[in-house]
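Residue 12 is where the sequence shown starts when you use the working numbering, and the numbers rise one by one after that. C-beta: ideal position from N, C-alpha, C; glycine also. Have a look at the structure below, then the notes.
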Amino acid sequence: MLKNARFLVSNTDHRKCPAPSKPEFAFIGRSNVGKSSLINMLTNHKHLAKISGKPGKTQLINHFSIDDRWFMVDLPGYGFAKVNKKLKADWDKMIRAYLTERENLTAVFVLVDSRLPPQKIDLEFIQWCGQLELPLVLLFTKADKQSQSKTAENVHLFLDEMEKLFVEAPEFFVTSAVNRQGRDELIQFIEENVTE
Ligand code: GTP
Ligand code: MG
Numbered sequence: 012m013l014k015n016a017r018f019l020v021s022n023t024d025h026r027k028c029p030a031p032s033k034p035e036f037a038f039i040g041r042s043n044v045g046k047s048s049l050i051n052m053l054t055n056h057k058h059l060a061k062i063s064g065k066p067g068k069t070q071l072i073n074h075f076s077i078d079d080r081w082f083m084v085d086l087p088g089y090g091f092a093k094v095n096k097k098l099k100a101d102w103d104k105m106i107r108a109y110l111t112e113r114e115n116l117t118a119v120f121v122l123v124d125s126r127l128p129p130q131k132i133d134l135e136f137i138q139w140c141g142q143l144e145l146p147l148v149l150l151f152t153k154a155d156k157q158s159q160s161k162t163a164e165n166v167h168l169f170l171d172e173m174e175k176l177f178v179e180a181p182e183f184f185v186t187s188a189v190n191r192q193g194r195d196e197l198i199q200f201i202e203e204n205v206t207e
């Protein structure tokens, strides 16, 4: 499935987002980790979500409608050092308000760069999500950039760190927007969790 994807609306205020009448799957993670790229890969679009080599491309809460059945949401990244403090604080507030208040969140996909060992900023964000009991799923991105064994090592290290934060580690997928790794598994996960 996942036939028809269309952009709906961009917001800074979660209260102006589409009525929470359908299951929602949000993509969040550090700036430049590959959120928008993964959305395009999943939906088979080149330019549905805006992509950039420069971090900080996505600045709003972007809603997409998938097959008129569920919402996919592209969010701005956290931890982008090169924007001014005020803007950073505004994004932070916007994302956290969205995640705290949005009642139809079926899954919050937290994207983590598979090239890197565990990063404090990701772990802190995940811990915050955990306290809110958000339905977390980890997506390791850019797996095409290194060997499978290196990816596996970083995934393992990350899950070890997670265990220190949670009793149970969340479900996870290894992905690449370049070679489409993880696409079928991720779509299957979404399908299983879209309840009419
Ligand atoms: P912000 O909107 O700035 O928070 O970034 P983002 O997380 O949406 O990242 P985006 O999708 O814009 O991608 C950032 C950069 O990483 C771009 O240059 C992409 O081409 C590249 N990229 C994203 N995913 C992959 C991937 O799976 N493999 C490789 N090799 N590059 C990727
Ligand atoms: Mg983006």
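Residue i burial status per 10 Å Cβ neighbour count (16 or more: buried)
| i | result |
| --- | --- |
| E196 | exposed |
| A37 | buried |
| I39 | buried |
| I106 | buried |
| S187 | buried |
| E112 | exposed |
| T206 | exposed |
| A100 | exposed |
| F160 | Contrary to the premise, residue 160 reads as Ser rather than Phe in this sequence. By the neighbour-count rule (16 or more Cβ atoms within 10 Å), S160 is not buried but exposed. |
| A30 | exposed |
| G220 | With the chain covering 12 to 207 only, the question about residue 220 has no answer from this structure. |
| E202 | exposed |
| H74 | buried |
| Q138 | exposed |
| K15 | Per the sequence presented here, residue 15 reads as Asn, with Lys not at that position. Burial call: exposed. |
Residue i - containing beta strand (DSSP E), residue span
| i | result |
| --- | --- |
| I72 | 72-77 |
| R41 | Segment: none, R41 is in no beta strand (DSSP E) and carries neither H nor E. |
Cross-strand partners of residue i (DSSP beta bridge)
| i | result |
| --- | --- |
| M83 | F36, F75 |
| R17 | S76 |
| N22 | I72 |
Delimiting residues of the alpha helix (DSSP H) encompassing residue i
| i | result |
| --- | --- |
| K184 | Going by the sequence as given, residue 184 is Phe instead of Lys. No alpha helix (DSSP H) holds F184; the beta strand (DSSP E) holding it covers 183-185. |
| R194 | 194-204 |
*Could you name each continuous alpha helix (DSSP H) segment of 4 residues or more that falls completely within the segment 106-169, going from the start of the chain to the end?*
131-142
*asked:* Under 5 Å, CB to any heavy atom of the ligand MG. Which residues pass, going along the chain?
replied: K46, S47, K68, T69
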